[in-house]
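Trainee: Below are the structure tokens for one structure; questions will follow.
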Amino acid sequence: MKITSAKNHELVAGHMLEQIQSGAWQPGQRLPSVVELAEQYGVGRSTIREATSALKATGWLDVRHGGGTFVKAVLPSDPRHGADMLFESAGSLAELLEVRRALEAGAVRLAALRRGEPELARLREAFAQMRQALELGDTAAGERADTAFHMAIAGSAGNPLLAGMMESLADRFEATIRQTRELRFYREPGTAERLLDEHAGILDAIERGDASLAERRLTAHLDGVLAALQEAIAGGKSNLETMNKNNKIN
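What follows is the structure, given as structure tokens:
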């Protein structure tokens with residue numbers, strides 16, 4: 002079934018979701034390869050990756066590095082379109098991101114002033130893991146390394162109370178990192194490389210001991226993510242509704 006639209010990835014995601022909901026693709030079933038799906042839909046491989054990324058973020062697919070893509074064994078109970086769910090989740094993510102921004106802005110300033118070699122080593126290791134995950138195309142490893150990097154910033158601040166607050170919210174912060182990465186990958190081409198560059202800039206400022214620069218770069222990074230979320234809240238759902246009216250699967 003061929004796809005013809007400027008919003009190819011959204012149409013592909015919608016049709017793939019229909020395959021799951023209709024039972025054509027069963028829970029636990031392995032999907033055709035990216036190459037095979039690209040040929041079936043008549044689109045590029047990047048379009049397939051964007052579509053599967055959206056469905057992974059909303060709980061319909063399980064993407065295993067080196068092992069293929071599978072329909073989730075346990076499917077979400079909400080039957081709405083996967084991309085709709087992704088956009089609607091942005092509101093609560095934005096609230097959590099605001100909390101992260103408030104805490105991390107102070108933490109990164111302290112980290113730049115107080116970090117020692119052990120703390121720098123931890124930050125560098127987390128960044129190296131992010132870079133390796135990008136090179137391998139391992140999104141799950143990238144999410145874990147991203148979380149580790151931000152937690153390492155808190156650990157480098159030399160304030161046990163601040164580090165404890167970050168640790169107490171670790172699960173929620175990890176969820177925001179995972180879901181905002183998925184949302185940005187879904188909406189913005191080249192996001193993985195951009196995110197790596199942003200983290201490199203933050204690490205560089207901490208290494209220099211420049212607290213003001215570290216804070217500016219970290220807040221710019223989080224503000225960029227927040228802007229993408231706000232755009233999704235404002236326009237994502239209406240754009241999808243318009244797209245579904247104006248485009249057909251041939």
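Each residue of the sequence shown is one higher than the one before, counting from 2 in our numbering.
Note that CB positions come from ideal geometry on N, CA and C, so glycine has one too.
Within the same chain, show all residues whose beta-carbon is closer than 8 angstroms to that of VAL100, passing over the 5 residues directly before and after it, in chain order.
Mentor: As a working mapping, residue 100 is identified with position 99 in the sequence shown. Cβ within range, chain order: LEU170.
Trainee: Nearest-angstrom Cα distance between ALA127 and LEU135?
Mentor: What you label residue 127 is simply residue 126 of the sequence shown in a count that begins at 1. What you label residue 135 is simply residue 134 of the sequence shown in a count that begins at 1. If I take the Cα positions, the gap works out to 13 angstroms.
Trainee: Check LEU62 in the structure and name its three-state DSSP category.
Mentor: The residue you call residue 62 lines up with position 61 of the sequence shown. In this structure, LEU62 counts as strand in the three-state DSSP scheme.
Trainee: Here's a check: name, in chain order, each residue in its chain whose Cβ is nearer than 7 angstroms to the Cβ of LEU214, leaving out the five neighbours to either side.
Mentor: Working through the sequence shown from its first residue, we reach residue 214 at position 213. Within the same chain, LEU214 has close Cβ partners ALA206.
Trainee: With DSSP as the reference, label ALA141 as helix, strand or coil.
Mentor: What you label residue 141 is simply residue 140 of the sequence shown in a count that begins at 1. Helix.
Trainee: VAL226 and LEU98 - do their beta-carbons sit closer together than 9 angstroms?
Mentor: In the sequence shown, the residue the question calls residue 98 occupies position 97. In the sequence shown, the residue the question calls residue 226 occupies position 225. Contact: yes.
Trainee: Might you give, ordered along the chain, the residues of its own chain that have their beta carbon closer than 7 angstroms to the beta carbon of GLU19, omitting 5 neighbours on each side?
Mentor: The count along the sequence shown starts at 1 and reaches residue 19 at position 18. Cβ within range, chain order: n/a, list empty.
Trainee: So, with DSSP's three-state summary, where would you put GLY107?
Mentor: As a working note, residue 107 is residue 106 in the sequence shown. It is helical.
Trainee: Which two residues bound the contiguous alpha helix (DSSP H) that contains VAL35?
Mentor: For the purposes of this step, residue 35 is identified with residue 34 of the sequence shown, where counting begins at 1. Where VAL35 is concerned, the enclosing alpha helix (DSSP H) stretches over 35-42.
Trainee: Quick check on the DSSP output: the alpha helix (DSSP H) that includes GLY24 runs from which residue to which?
Mentor: Position 23 of the sequence shown, counted from the start, is the residue given in the question as residue 24. Looking at the DSSP string, GLY24 is not in any alpha helix (DSSP H), and its letter there is neither H nor E.
Trainee: What does the alpha-carbon distance come out to for the pair ASP211 and MET131?
Mentor: Walking along the sequence shown from the start, residue 211 turns up at place 210. Walking along the sequence shown from the start, residue 131 turns up at place 130. Computed Cα separation, rounded: 23 angstroms.
Trainee: Can you tell me where the alpha helix (DSSP H) holding GLY225 begins and where it ends?
Mentor: Counting from 1 along the sequence shown, the entry for residue 225 is found at position 224. Start and end: 212-232.
Trainee: On the three-pair Cβ rule with 8 angstroms, is the segment 148-165 touching the segment 112-129?
Mentor: yes
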